[in-house]
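Positions in the sequence shown are counted from 1; adding 247 to them yields the working numbering.
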Amino acid sequence: MSLLLLLTIFSIWATYHFFTKWLWWLIGFAIVVTLVAWFIRYGWLLIMLGSFTLAIYLFYIAYKQHQLNHK
248 MSLLLLLTIF SIWATYHFFT KWLWWLIGFA IVVTLVAWFI RYGWLLIMLG SFTLAIYLFY
308 IAYKQHQLNH K
């Protein structure tokens with residue numbers, strides 16, 4: 248049991264000492280991959296919501312312009 252504890256402690260130390268920079272790169276890469284996968288899965292929803300919001304905003308601008316022109 249103590250051998251397993253020593254091996255665990257050594258693994259943690261070696262990871263911290265030698266692979267810290269690579270771990271940060273790996274974590275960053277994993278975050279980017281997750282964001283890309285999320286966008287692939289739900290990108291259509293973002294595009295539809297963005298288009299709907301843009302349409303509402305443009306309609307609002309046209310309505311305000313119509314009110315100004317017909318006072």
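Don't be surprised by glycine CBs; every beta carbon is placed ideally from N, CA and C.
Please read these numbers as outputs of a predicted model, since none were measured by experiment.
- In this structure, DSSP gives K318 a state outside helix and strand, which the three-state scheme calls coil.
- Excluding residues up to 5 positions away in sequence, nothing lies with its Cβ nearer than 8 Å to the Cβ of L296 in the same chain.
- Within the model, the alpha-carbon separation for F265 versus T255 is close to 15 Å.
- Spanning the alpha carbons of L301 and I259 requires a straight line of approximately 51 Å.
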